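The opening residue of the sequence shown carries number 1 in UniProt numbering; numbering runs sequentially from there. Encoded as structure tokens, the structure appears first; notes follow it.
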Amino acid sequence: SSLRRRLRTISSSDHLYLRLPSGLIKYVALKALRGSNVASLGKFGSFDLEDLEGVPYGWTWEIGPPKESNESETESKGDEGTAAKTNATNEDIYDDPSRPSDPEAGSRHLTMLDIQALKSSGLEGQALIDNLTKASSSFEKRTVFSQDKFVRRKEAKHLRLFTPIPPTLATLVEYNFGTLASGGATGQPDKVRGMRLDTVSQMLSSANVGAGGRYLVVDGTSGGLLIAACLERMGGRGRLIAVHDYEVAPEWEMVKAMNLPPSSYAPEVLTGVNWAQLDPSGDGEDEEFPEVPEHLSLSEYSKSSPENVKLHRLRDRERSKALKKYAAVSALRSLRDEILQRPGSFDGLLVSSPHDAYSVLSTLLPLLKGSGSFVLHSPYMQPLVETHAALRGREDVVNVGLSEPWIRRWQVLPGRTHPEMMTSSTGGYLLSGVRV
Numbered sequence: 001s002s003l004r005r006r007l008r009t010i011s012s013s014d015h016l017y018l019r020l021p022s023g024l025i026k027y028v029a030l031k032a033l034r035g036s037n038v039a040s041l042g043k044f045g046s047f048d049l050e051d052l053e054g055v056p057y058g059w060t061w062e063i064g065p066p067k068e069s070n071e072s073e074t075e076s077k078g079d080e081g082t083a084a085k086t087n088a089t090n091e092d093i094y095d096d097p098s099r100p101s102d103p104e105a106g107s108r109h110l111t112m113l114d115i116q117a118l119k120s121s122g123l124e125g126q127a128l129i130d131n132l133t134k135a136s137s138s139f140e141k142r143t144v145f146s147q148d149k150f151v152r153r154k155e156a157k158h159l160r161l162f163t164p165i166p167p168t169l170a171t172l173v174e175y176n177f178g179t180l181a182s183g184g185a186t187g188q189p190d191k192v193r194g195m196r197l198d199t200v201s202q203m204l205s206s207a208n209v210g211a212g213g214r215y216l217v218v219d220g221t222s223g224g225l226l227i228a229a230c231l232e233r234m235g236g237r238g239r240l241i242a243v244h245d246y247e248v249a250p251e252w253e254m255v256k257a258m259n260l261p262p263s264s265y266a267p268e269v270l271t272g273v274n275w276a277q278l279d280p281s282g283d284g285e286d287e288e289f290p291e292v293p294e295h296l297s298l299s300e301y302s303k304s305s306p307e308n309v310k311l312h313r314l315r316d317r318e319r320s321k322a323l324k325k326y327a328a329v330s331a332l333r334s335l336r337d338e339i340l341q342r343p344g345s346f347d348g349l350l351v352s353s354p355h356d357a358y359s360v361l362s363t364l365l366p367l368l369k370g371s372g373s374f375v376l377h378s379p380y381m382q383p384l385v386e387t388h389a390a391l392r393g394r395e396d397v398v399n400v401g402l403s404e405p406w407i408r409r410w411q412v413l414p415g416r417t418h419p420e421m422m423t424s425s426t427g428g429y430l431l432s433g434v435r436v
């Protein structure tokens, strides 16, 4: 299917994510947005996107010299089950041996100027790494694991490699939130309200999001991360109503950034509605159908005077506008009937919003059917604590719980298995329950 195909091969219309040797993720916009086929990776150089079309994800590529136009595919380094699978290190990378905090000061024979001279002479790639390794007088004195980390640090700094990775939910969250080791310093956690991958995954599981279900989502993230996560789980089957604060529904660019097929977010699957339109006494109920002017045929145009032709054309433009407004009002009334006239028809409710948590839940909870699950996220604990206390006094909810997701990466090596020292402090807090 198209949902699976988007995770296998690269298409010319895809949003592209590249894994750099440093472990960070680089986003490359569509050529339609840039107006060019050339993608730039800063100091590592640039390459032509057409060379990647139809290529499977996961292949590692090396950018050649500036004069070359084609990239050469390189074999992925490291064997399974060896120390080469880890990139965990607490050492910094320096090129200036004069710095007193440089752990290799006094043991390196090549200065930064020497390295630049090697690059200028055309030496690059693995040959450059081999020269740096030979130039270090302390390399042979290191342990096998220390040697591996030394080589990997140099590769991350000097090799012009990149690996296209599938646009999964994990990729999107890591790109926006940042890596766990950096604690979000390499991303923009505020853009996704501090939601880590484990937080989003727990929300999807708590709300039982799946194909064929009907869900309400209040997504306060910038770009619609929660909406994109739900749509990926639904696979184009089901119904998702996104409640927002805007007069016109946003674009939710994260939905398209996951390269989901258009059928996954078609109007019959994803529809936006603002809070005012959810109010039965609001403006949406009083919206009147416009009067549509009568259409005139071409024969009537030909019989008219030039002055009347202008009036007829003006009337046709008014008719076109009236028809668009008529369709909009009709769609709004149909949506309001779907939501308000069928209470208890939704399977789940997911909320991550800056609005008062209890107020949002009280408004949307009656729309859930019996045994429907709800889950609320907040980067702060106190709003959910107050909501939790208020829900304990209600008889229409059960199994109310407040939790904090927790995740930590581990280095797994023979005799050297331990948790990484640097990790993210929090991914927010979750309040979940079931409506009776």
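Note that the Cβ used here is the ideal one computed from N, Cα and C, for glycine as well. Remember, predicted model here, so these are calculated numbers, not experimental data.
Comparing alpha carbon positions, the residue from Thr-271, Leu-132, Gln-202 and Val-243 closest to Ser-403 is Gln-202. A contact is defined here as three or more CB-CB pairs under 8 Å, and the segment 151 to 170 fails this definition with respect to the segment 243 to 254. Three or more beta-carbon pairs separated by less than 8 Å are not found between the segment 362 to 376 and the segment 408 to 428, which leaves the two stretches without contact. Contact check for Gly-427 and Met-195: beta-carbon distance about 6 Å, within the 8 Å limit, so the pair qualifies. Per DSSP, the unbroken alpha helix (DSSP H) holding Asp-198 starts and ends at 197 to 206. Distance between Val-38 and Ile-63, taken at the CA atoms: about 12 Å.
Counted as a single uninterrupted DSSP element, the beta strand (DSSP E) harbouring Arg-19 occupies residues 16 to 19.
In the same chain as Pro-166, and ignoring 5 residues on each side of it, the C-beta atoms closer than 7 Å to its own belong to Leu-7 and Tyr-57, in chain order.
Inclusion of Ser-359 and Gly-220 in the CB contact set at 8 Å is not warranted, their separation being larger than that value.
Counting along the chain, the unbroken alpha helix (DSSP H) around Leu-364 starts and ends at 357 to 364. Sorting Gln-147, Ser-320, Val-400 and Trp-406 by C-alpha distance to the C-alpha of Val-436 places Val-400 at the top. Annotation for Leu-49: Ser-12, Leu-16, Val-28, Lys-31, Asn-37, Val-38 and Ala-39 place their beta carbon closer than 8 Å to its own, counting only its chain and skipping 5 residues before and after. A Cβ-Cβ separation of about 10 Å leaves Gly-42 out of contact with Arg-160 under the 8 Å criterion. Taking 8 Å as the cut-off, the beta carbon of Asp-198 is found closer than this to the beta carbon of Ile-407. Arg-193 is classed as buried because its beta carbon has at least 16 other beta carbons within 10 Å across all chains shown. When the beta-carbon positions are compared, Leu-225 and Leu-172 come within less than 8 Å of each other. Per DSSP, Asn-176 has no beta bridge partner at all. DSSP assignment within the segment 331 to 419 yields the following whole beta strand (DSSP E) runs of 3 residues or more, N-terminal first: 346 to 352, 368 to 378 and 397 to 403.
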